[in-house]
């Protein structure tokens, strides 16, 4: 009998964030809602990247993500859709506020300065 030569894809247990600069802002940040979190994340992105584009985000308080419904095709995955979207659309910066309460993925607009 022929030897089994099937190839299997390994199921990812967590996101590969190795290509991203990761900024973690812990509790005590004074953030009360999504709008305050977004302003804090945007200030951080401007400091780190200059001009930037927000690619994806998550708001745990409201259990809302953007792009909307991006996690629907990730129901059985350990990697949420907004994370996968950010990574695979060129994000270079992740800002995580209060241990995943708010998470933002940013792309630098001037890719020549990297």
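Residue numbers (the numbering used here): 10 to 123. Here a beta-carbon is modelled for each residue, glycine too, at the ideal position from N, C-alpha and C.
Residue burial is scored here from C-beta neighbours: residue 65 has at least 16 other C-beta atoms within 10 angstroms and is therefore classed as buried.
The three-state reading of DSSP puts residue 44 in helix, counting H, G and I together. Between the alpha carbons of residue 74 and residue 63 lies a distance of about 12 Å. Rounded to the nearest whole angstrom, the CA to CA distance from residue 111 to residue 118 is 22 Å. Distance between residue 39 and residue 46, taken at the CA atoms: about 9 Å. Here residue 69 really is in contact with residue 109; their C-beta atoms are around 6 Å apart, less than 8 Å. Counting the other Cβ atoms within 10 Å of the Cβ of residue 93 gives 16 or more, which makes it buried. If you draw a straight line from the Cα of residue 97 to the Cα of residue 91, it comes to about 10 Å.
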